[in-house]
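Asks: Protein sequence lines, in the order shown, are assigned to chains A and B. If you use my numbering, the first sequence corresponds to residues 2 to 213, in order. If you use my numbering, the second sequence corresponds to residues 2 to 213, in order. Please see the structure below; I have some questions.
Protein chains: 2
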Amino acid sequence: MKSEHIPKATIERLAVYLQILGNLGRDGVNIISSDKLAQACKVNPSQIRKDLAYFGEFGVRGVGYYIQELITAIKQSLGIDRHWYCALVGVGNLGRALLRHNEFARRGFIIRGAFDCDQDKIGKVESGLEVICSKRLKTKVRDLGLEIGIITTPPERAQRAADYLVESGIKGIINFAPARIAVPEPIPVEYVDYFHQFYALAFHITLSQHRA
Amino acid sequence: MKSEHIPKATIERLAVYLQILGNLGRDGVNIISSDKLAQACKVNPSQIRKDLAYFGEFGVRGVGYYIQELITAIKQSLGIDRHWYCALVGVGNLGRALLRHNEFARRGFIIRGAFDCDQDKIGKVESGLEVICSKRLKTKVRDLGLEIGIITTPPERAQRAADYLVESGIKGIINFAPARIAVPEPIPVEYVDYFHQFYALAFHITLSQHRA
DNA sequence: TTGATTTTGTTACTTTTTTCACAAATCAGC
DNA sequence: GCTGATTTGTGAAAAAAGTAACAAAATCAA
Numbered sequence: 002m003k004s005e006h007i008p009k010a011t012i013e014r015l016a017v018y019l020q021i022l023g024n025l026g027r028d029g030v031n032i033i034s035s036d037k038l039a040q041a042c043k044v045n046p047s048q049i050r051k052d053l054a055y056f057g058e059f060g061v062r063g064v065g066y067y068i069q070e071l072i073t074a075i076k077q078s079l080g081i082d083r084h085w086y087c088a089l090v091g092v093g094n095l096g097r098a099l100l101r102h103n104e105f106a107r108r109g110f111i112i113r114g115a116f117d118c119d120q121d122k123i124g125k126v127e128s129g130l131e132v133i134c135s136k137r138l139k140t141k142v143r144d145l146g147l148e149i150g151i152i153t154t155p156p157e158r159a160q161r162a163a164d165y166l167v168e169s170g171i172k173g174i175i176n177f178a179p180a181r182i183a184v185p186e187p188i189p190v191e192y193v194d195y196f197h198q199f200y201a202l203a204f205h206i207t208l209s210q211h212r213a
Numbered sequence: 002m003k004s005e006h007i008p009k010a011t012i013e014r015l016a017v018y019l020q021i022l023g024n025l026g027r028d029g030v031n032i033i034s035s036d037k038l039a040q041a042c043k044v045n046p047s048q049i050r051k052d053l054a055y056f057g058e059f060g061v062r063g064v065g066y067y068i069q070e071l072i073t074a075i076k077q078s079l080g081i082d083r084h085w086y087c088a089l090v091g092v093g094n095l096g097r098a099l100l101r102h103n104e105f106a107r108r109g110f111i112i113r114g115a116f117d118c119d120q121d122k123i124g125k126v127e128s129g130l131e132v133i134c135s136k137r138l139k140t141k142v143r144d145l146g147l148e149i150g151i152i153t154t155p156p157e158r159a160q161r162a163a164d165y166l167v168e169s170g171i172k173g174i175i176n177f178a179p180a181r182i183a184v185p186e187p188i189p190v191e192y193v194d195y196f197h198q199f200y201a202l203a204f205h206i207t208l209s210q211h212r213a
């Protein structure tokens with residue numbers, strides 16, 4: 002099998018597989034079967050084989066998957082076998098926290114530009130990056146080769162940030178602001194709000210208590 | 002309709018509806034139809050009606066939904082029409098960032114205990130909370146009425162943190178550590194890792210470039 | 001080399017989720 | 001109070017995702 006439409010859930014699971022394979026690899030394991038990996042991820046083994054089948058044949062029948070090879074294959078499939086340069090728009094509390102968070106670079110997402118439209122912030126230096134006026138995004142995106150935009154503005158300014166980013170030729174957007182944004186069709190947007198998971202947890206706890 | 006099994010995707014969408022309704026409410030809108038809300042969320046209007054139908058009848062035929070009422074109804078459905086007291090385990094960089102992040106309290110998730118097993122950290126004060134030895138979780142969970150555990154340890158210590166939390170009688174866990182954890186059946190766990198969204202974005206960008 | 005055993009890749013089947021379509025309810029104007 | 005215009009709630013249909021089952025490939029022992 003190869004390509005066609007790939008379910009969103011598959012992409013999410015690939016990220017999980019990657020996480021677990023990484024931990025296993027660090028523990029010195031070399032080979033794993035879909036069955037064992039499935040146990041570790043708490044999914045169905047067929048599910049794993051099917052998810053991987055969208056991208057190619059990475060296993061060896063009768064043997065299983067070579068962990069390092071599989072990690073490489075999944076990274077390639079997701080497009081994270083390379084660096085991505087990012088623009089961060091909105092240098093507030095959250096923005097600053099992300100700029101300081103060096104996990105970004107470790108995972109291959111390198112924030113190379115920090116932008117804000119507040120005159121008081123422009124010119125200041127945050128984690129080694131000078132804060133630049135959002136209106137200058139276009140030039141910077143071109144000059145620095147930025148491909149991903151990270152929105153960390155307050156919700157009411159998220160749409161404007163998105164507009165600047167789109168206009169500047171950015172290729173995709175991660176929106177941390179608690180607001181939906183509208184962008185032209187081809188540009189993918191992902192929303193991040195970990196309170197959604199808190200809500201889901203509150204729901205599940207409440208549900209099980211209601212049953213009891 | 003009422004209760005039965007509710008899709009995970011429905012819960013996620015309810016959180017999105019809530020976000021958008023909140024923003025609309027602040028803008029002074031009072032009533033909205035499933036059609037308009039659907040446009041704002043970029044989902045199918047039937048989807049919205051069906052999602053809500055799992056929990057009750059909140060709309061008025063021929064009219065639409067009263068926004069404030071709907072917000073209340075969704076919050077009740079999710080179980081976030083109340084406060085939740087939380088225990089945070091693992092006072093590293095991420096843990097400290099979350100402790101400082103006052104959005105938690107604003108959204109009704111109040112972190113009332115900070116725990117770590119590192120002797121150097123125990124006794125120190127972070128954002129007004131004294132860091133307590135993880136082994137004392139049980140007493141504190143009882144005395145402070147903590148219901149949700151937030152794991153922010155390094156991945157290799159996530160399972161132990163989970164074990165302490167489960168033993169202490171916690172009702173649910175949010176795991177920020179990049180590792181899967183095993184807990185007894187009835188206790189719900191939600192995983193938070195925003196790099197998954199970065200991966201999804203990288204994938205979509207790569208895909209569309211491949212097509213071009 | 002053959003046969004037993006393992007485990008993948010893939011097709012067929014099952015279940016779940018989403019979308020469609022329409023009756024039931026509401027409201028405004030006459 | 002009736003008529004027409006809306007818009008919900010919901011059962012039926014369609015689409016999508018997940019699971020099971022098995023042939024094909026690989027390994028190993030005899």
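The C-beta atom is built at its ideal place from N, Cα and C for all residues, glycine as well.
1) On a Cα-Cα basis, can you pick out the residue from D117(A), I32(A) and Y18(A) that is closest to K43(A)?
2) Specify the secondary structure class of I81(A) as computed by DSSP and reduced to three states.
3) Please work out which residues of its chain come closer than 8 Å, Cβ to Cβ, to I32(A), disregarding the five sequence neighbours upstream and downstream, and give them in chain order.
4) Just by C-beta distance, which residues in the segment 3-32 of chain B are closer than 7 Å to chain A?
5) Which partner residues does C134(B) have in the DSSP bridge list?
6) Should L130(A) and G150(A) be called a contact, given that it needs their Cβ atoms to be closer than 7 Å?
7) Name the chain B residues whose beta carbon is nearer than 7 Å to that of E191(A)?
8) Is it buried or exposed, L15(A), if we count other Cβ atoms within 10 angstroms and call 16 or more buried?
9) So that I know if they touch, is there some Cβ in chain B lying closer than 7 Å to that of I112(A)?
10) Below 8 Å, can you find three or more Cβ-Cβ pairs linking the segment 50-63 of chain A to the segment 73-81 of chain A?
11) L12(B) and F110(A) look like a contact to me (Cβ under 8 Å); what is the Cβ gap, rounded to whole Å?
12) Measuring only the C-alpha atoms, how far is Q210(A) from Q198(A)?
13) Within 7 Å (strictly less), CB to CB, does A98(B) reach chain A?
14) Using 8 Å as the Cβ pair cut-off and three pairs as the minimum, do the segment 19-38 of chain B and the segment 122-137 of chain B touch?
15) Return yes when the Cβ of R97(A) is within less than 7 Å of the Cβ of E127(A), no when it is not.
16) How long is the line joining the alpha carbons of P185(B) and E191(B), rounded to whole angstroms?
17) Just to confirm, does A163(A) get its C-beta within under 6 Å of one of the non-hydrogen atoms of the ligand ADP?
18) At 7 Å on the CB atoms, spell out the chain B contacts of G173(A), in chain order.
19) Using the three-state DSSP reduction, which class does A88(B) fall into: helix, strand or coil?
20) Taking all protein chains shown into account, do 16 or more other C-beta atoms lie within 10 angstroms of the C-beta of N176(A), making it buried, or fewer, making it exposed?
21) Within 10 angstroms of its Cβ, does R168(A) collect 16 or more other Cβ (buried), or is it exposed?
22) Kindly give me the distance between the Cβ atoms of E1(A) and I171(A), rounded to whole angstroms, as I take these residues to be in contact under 8 Å.
23) Can you give me the start and stop residues for the beta strand (DSSP E) that Y165(A) sits inside?
24) When the distance is taken between beta carbons, is V92(A) closer than 7 Å to A115(A)?
25) Within 10 angstroms of the Cβ of S47(B), are there 16 or more other Cβ atoms? Answer buried if so, exposed if not.
26) Could I get the ranges of all uninterrupted beta strand (DSSP E) runs contained in the segment 23-106 of chain B, with 3 residues as the minimum, in chain order?
27) Could you tell me the distance, in whole angstroms, from the CA atom of M2(A) to the CA atom of S34(A)?
28) Excluding five sequence neighbours on each side, which residues of the same chain lie with their C-beta closer than 7 Å to the C-beta of V61(B)?
29) Check whether chain A comes within 7 Å of L130(B), counting only Cβ atoms and requiring the distance to be less than that.
30) Please state whether the Cβ-Cβ distance between A178(A) and P156(A) is less than 7 Å.
31) In whole angstroms, what is the alpha-carbon distance linking Q20(A) and A180(B)?
32) Secondary structure at V142(B), three-state DSSP: helix, strand or coil?
33) At the level of alpha carbons, what is the spacing between I206(B) and Y86(A)?
34) By the criterion of Cβ-Cβ separation under 7 Å, what are the contact partners of S209(B) in chain A?
35) Is I81(B) closer than 7 Å to Y1(A) when the C-beta atoms are compared?
Replies: Short version:
1) Y18(A)
2) coil
3) V64, G65, Y66, Y67 and I68
4) I12, E13, A16, Q20, I21 and N24
5) D117(B)
6) no
7) Q198, A201 and L202
8) buried
9) no
10) yes
11) In the sequence as presented, Leu is not what sits at residue 12(B); that position holds Ile. About 28 Å; that fails the 8 Å criterion.
12) 18 Å
13) yes
14) no
15) yes
16) 14 Å
17) In the structure shown, the ligand ADP is absent, as is every other ligand, since no ligand is present at all.
18) L202, H205 and I206
19) strand
20) buried
21) Contrary to the premise, residue 168(A) reads as Glu rather than Arg in this sequence. It counts as exposed.
22) Nothing in the structure corresponds to residue 1(A), since chain A is present only between 2 and 213.
23) It is not in any beta strand (DSSP E) - Y165(A) instead sits in the alpha helix (DSSP H) that spans A159 to E168.
24) yes
25) exposed
26) 85-90
27) Caution is warranted here: a pLDDT of 43 is assigned to M2(A), below 50, making its placement in the model unreliable, and the coordinate value is therefore given only provisionally. The alpha-carbon atoms of M2(A) and S34(A) are separated by roughly 20 Å.
28) none
29) no
30) yes
31) 7 Å
32) helix
33) 13 Å
34) P187
35) Look at the range of chain A in this structure, 2 to 213, and you will see that residue 1(A) is not part of it.
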